[in-house]
Amino acid sequence: MVSRSADNESFTILNHLRSLANQVLQYENLKLGKAKLAWNLGVADGARAWAPFMNVRHNMGTSAAAAKAPDHDEYNEGHQVPAVLEKEVAERGDDPQTVLSKYWGIMSKTYNKEDGSTWAWNCFRVKDTYASNVNIDLGKHHKPENLVDSVAYWTVKSLRIPTDLFFRKRYGCRAMMLETVAAVPGMVGGMLLHFESLRRFEHSGGWIRALLEEAENERMHLMTFMEVAKPAWYERALVVTVQGIFFNAYFLLYILSPRLAHRITGYLEEEAIYSYTQFLAEIDKGNIANVPAPPIAIDYWRLPKDATIRDVVTVVRADEAHHRDVNHFAADIHHNGKRLREAPAPIGYH
Ligand SMILES: [Fe+2]
Ligand SMILES: [Fe+2]
Numbered sequence: 027m028v029s030r031s032a033d034n035e036s037f038t039i040l041n042h043l044r045s046l047a048n049q050v051l052q053y054e055n056l057k058l059g060k061a062k063l064a065w066n067l068g069v070a071d072g073a074r075a076w077a078p079f080m081n082v083r084h085n086m087g088t089s090a091a092a093a094k095a096p097d098h099d100e101y102n103e104g105h106q107v108p109a110v111l112e113k114e115v116a117e118r119g120d121d122p123q124t125v126l127s128k129y130w131g132i133m134s135k136t137y138n139k140e141d142g143s144t145w146a147w148n149c150f151r152v153k154d155t156y157a158s159n160v161n162i163d164l165g166k167h168h169k170p171e172n173l174v175d176s177v178a179y180w181t182v183k184s185l186r187i188p189t190d191l192f193f194r195k196r197y198g199c200r201a202m203m204l205e206t207v208a209a210v211p212g213m214v215g216g217m218l219l220h221f222e223s224l225r226r227f228e229h230s231g232g233w234i235r236a237l238l239e240e241a242e243n244e245r246m247h248l249m250t251f252m253e254v255a256k257p258a259w260y261e262r263a264l265v266v267t268v269q270g271i272f273f274n275a276y277f278l279l280y281i282l283s284p285r286l287a288h289r290i291t292g293y294l295e296e297e298a299i300y301s302y303t304q305f306l307a308e309i310d311k312g313n314i315a316n317v318p319a320p321p322i323a324i325d326y327w328r329l330p331k332d333a334t335i336r337d338v339v340t341v342v343r344a345d346e347a348h349h350r351d352v353n354h355f356a357a358d359i360h361h362n363g364k365r366l367r368e369a370p371a372p373i374g375y376h
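Quick note on my numbering: the sequence shown kicks off at 27 and runs consecutively.
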């Protein structure tokens, strides 16, 4: 018995050594770039032993049930090149199953949608999607009541003039370009409140998350519109320039007067509602083609499969109305001499 046990032990040790030697050889191959390692569980011997150290693409046997409950057990060692990036990966000549890292990565599971198709996005999850409240009052307007409000109002009105001159009726391009700016205030405000929370050892009342949610939502508007309007090189250059100026200006403004900063953003959102209303009018007149909605928009706003760009503009406009309310609310809190943390933040307000 003792001898058999010793034999088993030797055999196990030998197997471990063999496996280790294989792993070293594979790692060397990886380093030298001589071979791209692609492992599929159940296909290559030893893959299961190697898999915990690598991010590999494999089917984890997802189900519609998993897609409905993304909050639980959301991570595993699986990795999937998102469908939207497969073309890019193929153009580079890479194997989409190429090992990305030898380090144990925290990778999200793959999910299937209710229709059985694979969830295509790594940039957002099922839990981040929502059905927009399009019944929100679009005509709500904050009347300037004091000097700060008037400064904010006329600043925004004056910014509209060069914007109208530059874009004229190119609403798709206009939406795409303006979303690059619209995603700045929430990030700046959220960032500054984050640092304030650290400095003062106190909670933000949820406002950090609320403002970062707004920034992310605006960025998703951009990710959507760039699917239907491709920026020219000079438009990209303009975005870089405007971002450099606007970020710094808004950053300083938020430090000096968060009340004015939020009020300006509130009025910017009112202008955005107006612009998207004009966008819809042009679609209805037939001046802009009512093309199918990009897949990213269908998933993000839970739109029907046959949704069009008109549906997308409608939900984006509703988002802008929500941002308008959040920012005028924030400006009012400051106007009343309070700090944002003293009023509950409108987290998840869509
Ligand atoms: Fe937006
Ligand atoms: Fe907005």
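All C-beta atoms, glycine included, are put in the ideal place defined by N, C-alpha and C.
N- and C-terminal bounds of the alpha helix (DSSP H) containing Gly216: What you label residue 216 is simply residue 190 of the sequence shown in a count that begins at 1. Counting along the chain, the alpha helix (DSSP H) containing Gly216 begins and ends at Val210 to Arg226.
Inter-stretch contact (C-beta, 8 Å, three-pair minimum) for the stretch 250–258 and the stretch 317–327: By the C-beta criterion, the stretch 250–258 is judged to be in contact with the stretch 317–327, since at least 3 inter-stretch pairs fall below 8 Å.
Bridge-paired residues (DSSP) for Asn138: On the sequence shown, position 112 is the one that residue 138 refers to. Paired residue(s): Thr144.
Touch test, the stretch 299–312 against the stretch 336–347, Cβ-Cβ under 8 Å, three pairs minimum: The stretch 299–312 vs the stretch 336–347: in contact.
Three-state secondary structure (DSSP) of Thr155: As a first step, residue 155 is located in the sequence shown; it is residue number 129 there, counting from the start. Under the three-state reduction of DSSP output, Thr155 falls in the coil class, being neither helix nor strand.
Close beta carbons around Val268, own chain, < 8 Å, minus the five adjacent residues each side: Counting from one through the sequence shown, the residue named residue 268 turns up at place 242. The beta carbon of Val268 lies closer than 8 Å to those of Thr206 and Val207 in the same chain, with the five residues before and after it left out.
Cβ shell of Val265 (< 6 Å), same chain only, five flanking positions each side left out: For the purposes of this step, residue 265 is identified with residue 239 of the sequence shown, where counting begins at 1. Thr206.
Pair within 8 Å by beta-carbon distance, Tyr276 and Leu218: Taking the sequence shown and counting its residues from 1, one reaches residue 276 at position 250. Taking the sequence shown and counting its residues from 1, one reaches residue 218 at position 192. Cβ atoms of Tyr276 and Leu218: not closer than 8 Å.
Helix, strand or coil at Pro318 according to DSSP, with G and I counted as helix: As a first step, residue 318 must be located in the sequence shown, where it is residue number 292. In this structure, Pro318 counts as strand in the three-state DSSP scheme.
Per-residue burial, Asn274 [other beta carbons within 10 Å of its own, 16 or more giving buried]: To locate residue 274, count along the sequence shown from 1; it is residue 248. The residue in question, Asn274, is exposed, as its Cβ has fewer than 16 Cβ neighbours within 10 Å.
Whole-angstrom distance between Phe221 and Asp141, CA atom to CA atom: To locate residue 141, count along the sequence shown from 1; it is residue 115. To locate residue 221, count along the sequence shown from 1; it is residue 195. Cα-Cα distance, rounded: 43 Å.
Contact test: His349 Cβ vs ligand 2 heavy atom, cutoff 7 Å: Counting from 1 along the sequence shown, the entry for residue 349 is found at position 323. Yes, the Cβ of His349 comes within 7 Å of a heavy atom of ligand 2.
C-alpha distance - Asn159 paired with Leu185, whole-angstrom precision: In the sequence shown, the residue the question calls residue 159 occupies position 133. In the sequence shown, the residue the question calls residue 185 occupies position 159. Between Asn159 and Leu185, the C-alpha separation is close to 29 Å.
Buried or exposed by the 16-neighbour rule on C-beta atoms within 10 Å, applied to Pro188: Reading the sequence shown from its first residue, position 162 is the one you call residue 188. Burial call: exposed.
Outcome for Ser143 when other beta-carbon atoms lying within 10 angstroms are tallied against a minimum of 16: Here the question's residue 143 lines up with position 117 in the sequence shown. Burial call: exposed.
Spatial neighbours of Arg245 in its chain, beta-carbon cut-off 7 Å, leaving aside the 5 residues before and after: Your numbering for residue 245 matches position 219 in the sequence shown. Setting aside the 5 residues that flank it on each side, Arg245 is surrounded in the same chain by Ala209, each with a C-beta closer than 7 Å to its C-beta; the list follows chain order.
Own chain partners of Ile290 with C-beta closer than 7 Å, once the 5 adjacent residues on each side are dropped: Here residue 290 refers to the residue found at position 264 of the sequence shown. Once the five neighbours on either side are set aside, the close Cβ partners of Ile290 are Ala178, Thr181 and Val182.
Alpha-carbon spacing of Glu171 relative to Lys331, whole angstroms: Here residue 171 is taken as the residue at index 145 of the sequence shown, counted from 1. Here residue 331 is taken as the residue at index 305 of the sequence shown, counted from 1. So the alpha carbons of these two residues sit roughly 45 Å apart.
Asp163 Cβ short of 7 Å to ligand 2 heavy atom set: The residue given as residue 163 occupies position 137 in the sequence shown. It does not: the Cβ of Asp163 is nowhere closer than 7 Å to a heavy atom of ligand 2.
Closer than 7 Å: Ala208 CB and nearest ligand 2 heavy atom: Looking up residue 208 in the sequence shown gives position 182. Checking every heavy atom of ligand 2 against the Cβ of Ala208, one is found closer than 7 Å.
With 16 other Cβ atoms within 10 Å as the buried cut-off, status of Asn243: Stepping through the sequence shown from its first residue, residue 243 is reached at position 217. It counts as buried.
Val266 CB to nearest heavy atom of ligand 1 below 7 Å: Walking along the sequence shown from the start, residue 266 turns up at place 240. For Val266, the shortest C-beta to heavy atom distance toward ligand 1 is 7 Å or greater.
Sequence-distant residues of the same chain with beta carbon closer than 8 Å to Ile373, five excluded per side: Within the sequence shown, residue 373 is the residue found at index 347, counting from 1. Within the same chain, Ile373 has close Cβ partners Gly232, Arg235, Ala236 and Glu239.
Proximity test, Ala298 beta-carbon vs ligand 1 heavy atom, cut-off 7 Å: By one-based count along the sequence shown, residue 298 stands at place 272. Ala298: yes, Cβ under 7 Å from ligand 1.
Residue burial classification, Ala116 (beta-carbon count within 10 angstroms, cutoff 16): Taking the sequence shown and counting its residues from 1, one reaches residue 116 at position 90. Looking at its Cβ environment, which holds fewer than 16 other Cβ atoms inside 10 Å, Ala116 is exposed.
Beta-bridge pairing of Thr334 - partner residues as DSSP gives them: What you label residue 334 is simply residue 308 of the sequence shown in a count that begins at 1. Thr334 is bridged to Pro318.
Neighbourhood of Arg336 by C-beta distance below 7 Å, restricted to the same chain and skipping five residues each side: Along the sequence shown, one-based indexing puts residue 336 at 310. The residues Leu306, Ile309 and Asn316, in chain order, have a CB closer than 7 Å to that of Arg336 in the same chain once the five nearest residues on each side in sequence are set aside.
Ile359 vs Ala347 beta-carbon contact at 8 Å: The sequence position of residue 359 within the sequence shown is 333, counting from 1. The sequence position of residue 347 within the sequence shown is 321, counting from 1. No. Outside cutoff.
Any non-hydrogen atom of ligand 1 closer than 7 Å to His376 Cβ: Translated into the one-based positions of the sequence shown, residue 376 becomes position 350. Answer for His376: no, Cβ out of range of ligand 1.
Distance CB(His168)-CB(His354) smaller than 8 Å: Locating residue 168 in the sequence shown gives position 142, where the first residue counts as 1. Locating residue 354 in the sequence shown gives position 328, where the first residue counts as 1. For His168 and His354, yes; Cβs fall inside 8 Å.
Tyr197 to Arg226 span [Cα, whole Å]: Taking the first residue of the sequence shown as position 1, residue 197 is located at position 171. Taking the first residue of the sequence shown as position 1, residue 226 is located at position 200. If you take the alpha carbons of Tyr197 and Arg226, they lie about 44 Å apart.
Uninterrupted alpha helix (DSSP H) stretches inside the stretch 169–193 (no shorter than 4 residues): Qualifying alpha helix (DSSP H) stretches, in chain order: 173–193.
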